[in-house]
Structures are given as C-alpha cells and as structure tokens.
Amino acid sequence: MSTPQTWLTQEAADRLQAELATLESSGRRDVTAKIEAARAEGDLKENGGYHAARDEQGKMEARIRQLKQILENAHIGTPPASEDGVVGAGMVVTARIAGDEMKFLLGSREITSDEYDVYSEKSPLGSAVMGAKIGETVSYTAPSGKAISVEIVEARFI
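Numbering-wise, my numbering comes out as the position in the sequence shown, counting from 1, plus 122.
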C-alpha cells in the first residue's frame, strides 16, 4: 500500500519554512545559551535547569527534523483534480456521521484552517474516506474500538 501524498498550501509551506528558519537560528542559539548558563552553575547531576534545557534542546531538534521531513516530502500547491466524486487530499469533505453532517478539510495536520477542522489523510477518518466516492459509505475504527460509519455527501477542492 502506498503512502498518501501530503499536500500543503503555499501559505502553510511558508509558515513551516519560517518556523524552521527560526528554530535553526535563534532557537538553537537560545537553547545553547541556556545550557551554557546552567552548566556554569556547577554539578550537572542535580542541576534541574541544565536537564530542562537539554530536554528543550531535544524537543527542538526533533521538531526541526520533523519540519525538514514534511517540507522535503510535501507537494506544495493545489492537488491535481481527482476523478469525479473521489475523495482526495486537499478537499473539503462533507460527511454524514451518526446522522449528523460535518465538513472537514482532508490534508496535513500542518495546515491550519479557521473555517474547517483538518484531518490528516493518515488519521483513521482520513484513511477511511481517501479514495471513497460521493454517496459511498465507509467505516473506520475509533480509538475507543467502536466502528463508525461515514457516508460521503460531497467532496470539493477549496
């Protein structure tokens, strides 16, 4: 099974690039300064400030790796038009779940939207609806273990 492609809007890609640039420059400088200041206090075994700064450094480096991976592998722009009525990444999906209609944007969790909740195509809901056609009912297993049915009402690019 192939990995779904991640699409980012230009705005989201620019935001992630800016975050990466900040973390790689001033972020690293700031954490290094915290580590050096804490190291100057003496005994590192019982130095809470030193250990907190090292933890912060580890989390920041993990975020830098994550951002690089996202930006290296993401497709930026508008996803190609899918076959008629087939749900794909970058689409606003209207679905009926337990009798209630909901609209959500299917895309990377790095995308932000004031108008729609964003679900990754790798999430349980996203995986279930990817490739489904309008009118089709699919199901997925919620983290609680409950099977949830989803009817695709509409799918369109924003």
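Here a beta-carbon is modelled for each residue, glycine too, at the ideal position from N, C-alpha and C.
Alpha-carbon to alpha-carbon, residue j and residue i
i      : j      : result
Thr263 : Ile270 : 6 Å
Gln179 : Arg151 : 10 Å
Ala196 : Ala174 : 33 Å
Val251 : Ile198 : 22 Å
Ala140 : Val214 : 26 Å
Ser124 : Lys244 : Reliability of the predicted coordinates at Ser124 is poor, the pLDDT of 48 falling under 50, and no value is obtained from them.
Ser261 : Gly210 : 16 Å
Lys156 : Leu145 : 15 Å
Glu194 : Arg187 : 10 Å
Asp236 : Asp136 : 17 Å
Local Cβ density within 10 Å of residue i, reported as buried at 16 or more and exposed below that
i      : result
Ser230 : buried
Ile219 : exposed
Thr131 : buried
Ile280 : exposed
Leu138 : buried
Ala143 : exposed
Gly221 : exposed
Leu166 : exposed
Gly267 : exposed
Same chain, Cβ closer than 7 Å to residue i, five either side skipped, listed in chain order
i      : result
Gly208 : Sequence check: residue 208 is Val here, not Gly. Closer than 7 Å at Cβ, skipping near neighbours: Gly253, Lys255.
Asp216 : The question names Asp, yet the displayed sequence has Thr at residue 216. Here the set comprises Glu223, Lys225, Val275, Glu276.
Neighbourhood of residue i by C-beta, 8 Å cutoff - its chain only, sequence neighbours within 5 removed
i      : result
Tyr163 : In the sequence under discussion, the amino acid at residue 163 is Glu, which differs from the Tyr named in the question. Closer than 8 Å at the Cβ level, and outside the excluded window around Glu163, lie Asn169, Gly171, Tyr172.
Lys190 : Leu142
Thr259 : Ser271, Val272, Glu273, Ile274
Whole-angstrom C-beta distance between residue j and residue i, which should lie under 8 Å
i      : j      : result
Tyr238 : Leu247 : Actually they do not touch by this definition, with Cβ atoms about 13 Å apart.
Could you give the uninterrupted runs of the beta strand (DSSP E) lying entirely in the segment 184 to 253, keeping only those of 3 residues or more? 213 to 219, 222 to 228, 239 to 241
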